[in-house]
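Chains as they are written, first to last, in my numbering: chain A, 239 to 700; chain B, 22 to 1063.
Scroll down for the structure; my scribbles are underneath it.
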Amino acid sequence: MSNGEIASAELDNIIDPPALVQGKADLATITETVSRVAEHKPPKAWYIGFAMALGVLGMLGMAVLYLIATGVGVWGNNQPVAWGWPIVNFVFWVGIGHAGTLISAVLYLFRQGWRTGINRFSEAMTIFAVICAGLFPAIHVGRIWVIYWVFPIPNQMAMWPQFRSPLLWDVFAVSTYFTVSLLFWYMGLVPDLATLRDRSKTKIRRLMYGIFALGWTGANRQWHRYERAYLLLAALATPLVLSVHSVVSFDFAVSQLPGWHTTIFPPYFVAGAIFSGFAMVVTLAVPARALFGLRDLITLRHLELMNKVIMATGMLVGYAYAMEFFMAWYSGNKYEGFAFVNRAFGPYAWAYWIMVTCNVITPQIYWFKKARRSIPIMFVVSIFVNIGMWFERFVITVTSLNRDFLPSSWNYFSPTVIDWATLIGSFGLFFTLFLLFCRFLPQVAIAEVKTQTPHAHSHSAH
Amino acid sequence: MSSLERSESTQKYWRSLNELEQTPEFQALVETEFPGGPEEEWTESSRRRFLQLMGASLALGSMSSCRWQKEYITPMVDRPEDWVPGKPRHYASMMQVGGVAAGVVVTSYDGRPTKVEGSPKHPAGAGTSTYAQAATLELCDPDRSQAPCQIIDGAEVDASWEGFESFLVEQLYGLRGSGGGLAVIAQSDSSPAMAALRRRFEETYPEATWVEWEAWSRDEEAKALASLFGGPTRPTFKAEAADILLTLDDDFLELHPEHKKNARGYASRRKPEERAMNRHYAVEPSFSVTGVGADHRLPVRGSQVAGVLLAIQAELAVNYGVGSAPASVPTTGLFASGPVQAFVKAVAGDLATHRGSCLVTAGVNQPAEVHATVVGLNIALGNRGNTVEYHAADGMTEPGTEELSALVESMRDGAVDTVVCLGTNPVYDSPADLEFTSAYSRVANRIHYGLYRDETAMASTWHVNAAHWLEAWADGRSWDGTHTFAQPLIAPLYDGRDRYAFVGGLIGRGDIEAQSWIQQQFNALYGPDELAWRKAIQRGFQPGTSFVKAGAPGVAPALTMDSGQLEPWDESMPLEAVFRLDSKVYDGRFANLGWLQELPDPLTKLTWDNAAVIGVGTANALGLKDHDLVEFELNGRKLELAVYVMPGQAPGTVGLPIGYGRTTCGHVAGLAADEIDPVGFDTYKLRTTDAMAFGQGMTVDREKKGFYQLVSTQDHHVIDTTGMDGRADRIGDLVRSGTLEEWRDHPDFAQHRVHHPPLKSTWKEHEYSDYKWGMAVDLSACNGCGACTVACNAENNVPIVGKDQVFKGREMTWMRMDRYFTGDPENPQVVSQPVSCMHCENAPCEQVCPVAATVHSSEGTNDMVYNRCIGTRYCSNNCPYKVRRFNFLNWNEDLQEEDGEVRKLSMNPEVTVRVRGVMEKCSYCIQRISAARIERHSKGERIQDGDVVSACQDVCPSEAIYFGDLNDESSAVRKKHDNDRAYAMLPELNNKPRTVYLAAIRNLHPDLAPAYEPHGGHGGHGGDGHHSDGHSDDSGKEVEHV
């Protein structure tokens, strides 16, 4: 160990006074704490939650079946609001799906040790959020039975997709992101799956965990390969964090519609995505750490750090809102100008001000350390941010469409029962998957978190 | 989910019932089977569902006998000459509404009529009414009566024509020679052959009464002219010769029998570079299509129109020596106000300086005295022979209320024991004070002959079904008297009989058959000449048969004005009810046609409803607003009506369109028996014999009875201030208009309304070396009547969606008519703009489709590939004109069911019927381009200008739409594109739309308009060469304008 490294380790300690793993945190306890969840009967709350999630998922299934049998008209979409809630939900879920990869990949590359407590968790959230997101573009098309035409599959029609369409870029961006996120998550899971396999007491568990552990033995060579691969995947995933939501923003930015046609969208969308993603991690982590006894691994310090990110990105988003208005005014384009005045003062002003309140004003409470570290406050704020970010997408999609160029085609959009059922149902899908994950997989990266124990630090300081 | 279940169960259901004949039990079963279906699908107010129900409930039973169910795809052994399967044939025919025939040309594919167009050669003018456009839908309406029936205790009991004939033998033929107690209430009919038949009828039943009845009639005009000229007389206008027009409560551009000819002539004087522009003054209570075009419009109460006429008469006599001054001239109240006096002075001045080239007309609603005065004024101004001519319309009648009143009286007295309603529906549309229904019920034998089992049919004892005009021979006279003929395009679908055969049956002449009867009468009139007859049928009319000029008129009686109507309206005064003919459903007879119900009203933009239309100031004074359901009272009769606030409706008046609120019509318009609510409100309940046009003393109970959802395709009242500001800010850029002075100064003023930076294309633009299709719309000529919308529906199989779906904003019309108001809400100017796909060269929709379902053709059309579309709807989002229409649900579901067969008949086989989930939009009538291409290219020629006429262009009475090849320098559309008035909508987006608009020009009177200040030069251009400084030859500065 060189002197420099020792100095930096000490510096770390100065900046991060409380340890990232608390309590009686020896390596065995960590393994026990995390694995126990997957090995024992879950608490009653899990069953209740799972039953509810499954019920809501069932509602989604029925809504989707009804949709496919009847047509897109079961939603409130109309002319000119041809994209309604399904697209709002899509962008909302894709946004949430950002935190996981950001926490895993970007923070990994920046050597932010605190990520280890929450990365597994948020990666899982990412995967499930992207699954929810992916559902919407698929079901929102008019003829779902020919949806495969958007993929460049050689076919008897000798027709390719139209590569100039941002929707097609979306298909590629989201599917790439999903694939890489899944791989990344699975990679990280392998050592922990092996741990679970080794602790298994039944044959089925041993077999299932065994298959997915891919014969992991924890050999030095394996660890070496693993670290390399993890680094590579992190490097691969990092640009995707930026690209996927940039491409999603192109769906809007590339079009001609006032309120959509703006170059600020890619960074603005990415900031918003990180914002909402972190908020969702907090929303999930707060109950999960209580429910599964993970308070020592997902510590208040983790949560506080996330709240800081939420505040920062919230202000980025707020800046973007202000800048949109400035540009609309500065451009001198009357249609663009009107689009924004209409957002703030038109028929959907309520949605706009909900968005501003939730996204810009609420996170300001995090200037106070007490608020950053208060579980009830952060839980409420994170929910507010989730709501606010959903409304941001609603504001962008619906208010821009409802009044575009020709006043003759202006119309109001109102959601239907099926719109609601689909939105709520998507949470059913998300939570069903998430609760299954909590039940059967290690919620915290056992192997990684061990590197952050005081024990590990003292090792390095030897 | 439910639709899958339903379609399956429906199929099974029908298979099991197919063998059943149409028994009463079957009817009952059908009627009870459907209303309780899955809730989402069968809500009571979903009109679209009604359409689907239509066939299911009524059509099928008797359809098993129809021959189109047997389909043989075999070549013809003896193919008729000229008959190429799949190739359309065109036949001249005739449609008669309100006793006036209109020449039409019907397109027929393999024996089924699919489209009605105006007859270009007919002397009464080309183009058609919206009613004619919807005729194919009416023909194939499954709600049409499909068999005779008896009505016993309010229930329909199936019967047959044989049964009806034996009834006639028993009950009627005994009366032959006398006819006492027999009465016929017939529709107004101009047919010479029917007149001959009626004479036979009168010979057979000398004591019988034959009454004509039309709910909407030009009887006041007819009365006035008959007394002046000493016989039935009709005026015809030459609007193209009029420099100055004064229309007094007269919608002569839309609701006149000769509206096509009038509109064409009028519009030819609204295109300033072609001919000197006319100046048009309109005085009217309700905003009409004619008022839209007017340069100056004076909204006054219907009863005050006479006063305005008196003031003009006095001004003309006193200051210009035209005619004689009337005895009493209103000078107080409203007539003392500055705007009215200025208007009167301006009109009188213009009329006096354009003697012989001006025109004064009065509308149906105005009393006979006004019409008589107008005749006198036109003659005093020297207009007769120039802009107006009076013709002796021998034999032509305009039914009033007197004959019907007398008949109803004797019915009530029990003096009538047999009444035949010949196509009429008096139970529904007769004046309320006659209380027709109660008198009718006293008649023992009540026979109804008509297309539908309507209100009168159900109040009768016998109903027999009529043949549609597309199924029958007929003749008639057009407004100018030209003898016009109808020939059947298809054998009667439901074994209905034409009216000649029916009346023949009444007199015991079962041998009378329409074709030979009409030919006999033809021979009697023009001599027996088989060739002439055939030519007349082929042409659709007999030339040289128009009415001769009438002689000199007598002196018009002095016009007086009701002195109680002098004051301008204020809150303390009662209201004036103004009944209006509806431009969509006429007097209610077309109420079951979905295309017309869904067509937005030209002014209110309401669909699927009528309403009490009141002005902005009146509404404010009364504290009423849109959607308020309130009770109106007129002469003791009360009716709840929904309020619609309409800018430009005269203060103190309530516009009441008739023809709605049908209770026994069909699954579209309302059918109480099937628990289908009526569409709109039955304003006939307020219309009495002394208030057929307008009625005084109407009051309103301001207490709201509820909220009634009126649905318009353009909501403009429920708009917030943000929206209003935004709208006001941009309308001038979208719909460009200017005054004649402005145009004279800067013919290209419209191109300078929007300046933008130079535009660059992202990629290399297409080149169009072959054909280059484009369209131009002259906003100066367009009056917003909406005929183009219906024509487009008919041509392109555009589905209707129903009130609920229109409310959601899912109407499917490819061609929509945007309407904007400018100026004072009490007297605004209205601008109408037809908008359909612009076929942009840089089409934004094409860029964003992920599957290339909307693509550009080498000729520049933006084509929708329906079977490639997956329905992402991104194209619609990116369309700045929002002209794309999405099949949110399966609008054509009813066609897939077995009973949809009859509806399929009306579909244009050249155009795909779209499934749910795909986008659609205007195709520039690409099927017509293809047809012209095949025709020309097979001869090795290029498509010539005029070969391709789009459906909207074809129907437009004002010739406001031009279509053709922009690469053809001599084409009309190219000239319009090169016109200085031409501008593209939203040019700054660089979409390069292929449809351009020509700015609307108003010819304002200097005393009535804000002073025009010519501005020197104009600002710099964008520098992209979007406008050439050399003004084209078309600018026509040498034309002398008014």
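C-beta atoms are modelled at their ideal positions from N, C-alpha and C, and glycine is treated no differently.
The structure displayed is predicted, hence computed values, not measured ones.
Start-to-end residues for the beta strand (DSSP E) that takes in L355(B): Taken as a continuous stretch (DSSP letters only), L355(B) belongs to no beta strand (DSSP E), as it is neither H nor E.
Between which residues of its own chain and L602(B) is the CB-CB distance below 6 Å, once the five residues before and five after are set aside? W237 and L276
At the level of alpha carbons, what is the spacing between L596(B) and V634(B)? 12 Å
By the 10 Å Cβ neighbour count, where 16 or more other Cβ atoms means buried, how is L303(A) classified, buried or exposed? exposed
In terms of residues, what are the limits of the beta strand (DSSP E) holding P134(B)? Note, P134(B): beta strand (DSSP E), R133 to G139.
How big is the Cα-Cα spacing for A683(A) and E361(A)? 11 Å
Spatial distance of W231(B) from G202(B) (CA atoms): 11 Å
Own chain, CB closer than 6 Å to F374(A), minus 5 neighbours either side, in chain order: Cβ contact annotation for F374(A) (same chain, cutoff 6 Å, sequence separation greater than five): P324, N327 and F328, in chain order.
Top-ranked residue by Cα proximity to A1003(B), from L655(B), L624(B), F728(B) and R757(B): R757(B)
Chain B contacts made by the stretch 312-345 of chain A, where a contact means CB separation under 9 Å: V312, W313, G314, N315, N316, Q317, P318, V319, A320 and W321
Can you give me the C-alpha to C-alpha distance between W284(A) and N649(A), rounded to a whole angstrom? 44 Å
Strictly under 8 Å for the Cβ-Cβ distance: is D450(B) near chain A by that measure? no
Whose Cβ in chain A lies nearer than 9 Å to the Cβ of K785(B)? The contacting residues do not exist; K785(B) stays about 13 Å from chain A at best.
Applying a beta-carbon distance threshold of less than 7 Å, which residues of chain A neighbour C870(B)? Q400 and S403
Tell me which residues share the same chain as T689(A) and place their Cβ nearer than 8 Å to its Cβ, disregarding the 5 neighbours each side in the sequence. G351 and T354
Is the beta carbon of Q167(B) less than 8 Å from the beta carbon of A180(B)? no
Roughly how far, in whole angstroms, is the beta-carbon of R255(B) from the beta-carbon of W500(B), given that I think they are within contact range, below 8 Å? 6 Å
Which same chain residues end up closer than 7 Å to D1076(B) when comparing Cβ atoms and leaving out the 5 residues on each side of it in sequence? Because residue 1076(B) is not part of the residues shown, which for chain B are 22 to 1063, the question remains open.
For a test of the three-state rule: what should DSSP assign to L455(B), helix, strand or coil? helix
Looking at V429(B): is its Cβ nearer than 8 Å to the Cβ of F457(B)? yes
Check the Cβ-Cβ distances between P255(A) and every residue of chain B, and say whether any is below 8 Å. Because P255(A) carries a pLDDT of 48, less than 50, the predicted location of this residue cannot be relied on, and the following value inherits that uncertainty. False, the Cβ-Cβ gap to chain B never drops below 8 Å.
Cβ-Cβ separation, D450(B) to G687(B) (assumed contact under 8 Å), whole Å: Rounded, the Cβ-Cβ distance is 16 Å, inconsistent with contact.
Tell me which residues of the stretch 985-1017 of chain B have at least one Cβ-Cβ distance to chain A shorter than 9 Å, keeping chain order. For the stretch 985-1017 of chain B, the beta-carbon criterion of a distance under 9 Å to any beta-carbon of chain A is satisfied by M1006, L1007, E1009, L1010 and N1012.
Compare the C-beta of A735(B) against all C-beta atoms of chain A and say whether one is closer than 8 Å. Going by the sequence as given, residue 735(B) is Gln instead of Ala. Output row for Q735(B): interface = yes.
Is it a yes or a no for the stretch 914-924 of chain B touching the stretch 123-133 of chain B, going by three-plus beta-carbon pairs under 8 Å? no
Among the residues of its own chain, which have a CB less than 6 Å from the CB of A369(B), if the five just before and after it don't count? I333, E336 and L337
Three-way DSSP call (helix, strand, coil) for E556(B) in this model: Note that residue 556(B) is Lys in the sequence shown, not Glu. In this structure, K556(B) counts as helix in the three-state DSSP scheme.
Using the three-state DSSP reduction, which class does L203(B) fall into: helix, strand or coil? strand
Chain A contact for T893(B) (CB, 8 Å cutoff): yes
Nonlocal neighbours in the same chain, by C-beta distance under 6 Å from G497(A), ignoring five residues either side: A577 and S638
D766(B) (DSSP reduced to helix, strand or coil): helix
Which term fits V379(A), buried or exposed, when burial requires 16 or more other beta carbons within 10 angstroms of its beta carbon? buried
Distance check for G676(B) and V304(B), CA to CA, integer angstroms please. 15 Å
Which of the three DSSP states is assigned to M297(A) in this structure? helix
For the alpha helix (DSSP H) holding P614(A), just list the boundary residues, first then last. I613 to F632
Going along the chain, which residues of its own chain have a beta-carbon closer than 6 Å to the beta-carbon of E953(B), five neighbours each way excluded? It should be pointed out that residue 953(B) corresponds to Ala in this sequence rather than to Glu. Non-local beta-carbon contacts of A953(B) in its own chain, meaning distances under 6 Å to residues more than five positions away in sequence, involve I964, D968 and V969 in chain order.
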